[in-house]
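Residue numbering for the sequence shown follows our numbering, beginning at 1 and increasing consecutively. We put the CB at the ideal spot given by N, CA and C, even for glycine. Only a predicted model underlies this, so the values are computations on that prediction, with no experimental measurement involved. Shown next, in structure tokens, is the structure this report addresses.
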Amino acid sequence: TADDHNADPDRDGYTLLEDYLNWLAEEHRIMSLNAQTSVSLKSLFAGFTNNPVYTLEAVSGTATAELDGDNLILRTADAGLTTIDVAVSDADGTTMTRHINIAATADVETSINTPSTMVNDPQAIYNLSGQRLSHPQKGINIINSKKYIQ
Numbered sequence: 001t002a003d004d005h006n007a008d009p010d011r012d013g014y015t016l017l018e019d020y021l022n023w024l025a026e027e028h029r030i031m032s033l034n035a036q037t038s039v040s041l042k043s044l045f046a047g048f049t050n051n052p053v054y055t056l057e058a059v060s061g062t063a064t065a066e067l068d069g070d071n072l073i074l075r076t077a078d079a080g081l082t083t084i085d086v087a088v089s090d091a092d093g094t095t096m097t098r099h100i101n102i103a104a105t106a107d108v109e110t111s112i113n114t115p116s117t118m119v120n121d122p123q124a125i126y127n128l129s130g131q132r133l134s135h136p137q138k139g140i141n142i143i144n145s146k147k148y149i150q
């Protein structure tokens, strides 16, 4: 059965789709299992330039995090979602907290599929503008709703 992306199972007033879009809007990483990456806190808190002090406030999920100077080191072991709260304060007395979301998965997908060789068969071929072609052209062709590079 298909998921109902307009449902609100946690009853927070936001649909599953809105929860996902918010997750994407915040700082996030999609990581392989047993991976490590570094997040520059200077970049994440770019406006805090007067002696910023970073604090790791909360880690909720399967990944781990630790501060290393101006960097946040993220590590994954098990599959799952993690939210990390990092705060900054500076000598001006200004503070801010940001969320960093992590999805740890065994299969990190990219938008690039394995290239395949086009064969000569009588299927309908289209270009990116939706115009039907008599034969594959140099560049991107659409055959059976899949994009191929010629």
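Check                                                                                                                                                                        : Outcome
Name, in chain order, the residues that DSSP records as bridge partners for residue 47.                                                                                      : In DSSP, residue 47 forms no bridge with anything.
Please report whether the beta-carbon of residue 45 lies at a distance below 9 Å from any beta-carbon of chain C.                                                            : Note that chain C does not occur in the displayed structure, where there is just one protein chain.
Beta-carbon separation of residue 102 and residue 31 under 9 Å?                                                                                                              : yes
Less than 9 Å between the C-beta atoms of residue 46 and residue 79, yes or no?                                                                                              : no
For the ligand NAP, is there a heavy atom less than 8 Å away from the beta-carbon of residue 82?                                                                             : Ligands in the displayed structure: none, and consequently the ligand NAP is not present.
Tell me, please, whether the region 47–56 touches the region 72–91 by the rule of three or more beta-carbon pairs shorter than 8 Å.                                          : yes
Quick check: what's the CA-CA separation for residue 41 versus residue 106?                                                                                                  : 27 Å
Give the straight-line distance between the Cα atoms of residue 39 and residue 14, rounded to the nearest whole angstrom.                                                    : 28 Å
Enumerate in chain order the residues of its own chain whose CB-to-CB distance from residue 81 is below 6 Å, with the five nearest sequence positions on each side excluded. : 61, 103
So, helix, strand or coil for residue 19, using DSSP?                                                                                                                        : helix
Mark residue 58 as exposed unless 16 or more other C-beta atoms lie within 10 angstroms of its C-beta, in which case mark it buried.                                         : exposed
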